[in-house]
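Heads up: take any position in the sequence shown, counting from 1, add 863, and you land on the numbering used here.
Every residue gets a Cβ at the ideal spot worked out from N, C-alpha and C, and that includes glycine.
Given the structure is predicted, the values throughout are model-derived calculations rather than measurements.
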Amino acid sequence: MNYEAIGRCQVLRKDVERLHLQRNSAITALRGELRGVMGSIKGTVYTFDPEAAHRQLAEIEDTSRQLMEAVAEFNEWAPEAGERPITVAEPRLP
């Protein structure tokens with residue numbers, strides 16, 4: 864047994880879970896902001912703050928990069944720890 868690999872996988876799994884939740888929260892916030900400007904009240908135009916949207920997107924990008932790095936590292940150690948690798952897949956589009 865490779866105890867170093869097992870320990871690293873345990874820490875990395877927690878990092879992956881935390882980053883995945885963080886990225887999902889940032890995506891949800893951006894989605895909410897975008898939905899907010901798509902009101903359907905006739906004769907009303909809603910304001911949009913593109914700088915806030917850019918900040919949200921930058922957070923998503925940074926978190927996503929960190930998440931993919933953690934997944935890649937986990938997958939490197941997984942065989943030695945007896946763990947199944949984490950699958951990375953393209954999003955399902957409607």
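So Ala-935 and Ile-869 are supposed to be a Cβ contact under 8 Å. How far apart are they, rounded? Not really, about 18 Å apart at Cβ, beyond 8 Å.
* **Proximity below 8 Å, CB of Leu-893 to CB of Leu-920** => Between Leu-893 and Leu-920, the CB-CB gap stays under 8 Å.
Check your understanding: Cβ of Ala-915 within 8 Å of Cβ of Leu-882?
Key -> No. Outside cutoff.
Excluding the five sequence neighbours on either side, which residues of its own chain have a C-beta within less than 6 Å of the C-beta of Val-900, listed in chain order? The residues are Tyr-909 and Phe-911.
Buried or exposed: where does Ala-889 fall if 16 or more other Cβ atoms within 10 Å of its Cβ makes it buried?
Taking every protein chain shown into account, the CB of Ala-889 has 16 or more other CB atoms within 10 angstroms, so this residue is buried.
Could you spell out the range, first to last residue, of the alpha helix (DSSP H) harbouring Met-931?
Element bounds for Met-931: 913-944.
Q) Going along the chain, which residues of its own chain have a beta-carbon closer than 7 Å to the beta-carbon of Glu-946, five neighbours each way excluded? A) Same-chain partners within the cutoff: Cys-872.
Q) Which class does Ser-888 belong to by DSSP, given the choice of helix, strand or coil? A) If DSSP states are grouped into helix, strand and coil, Ser-888 belongs with the helices.
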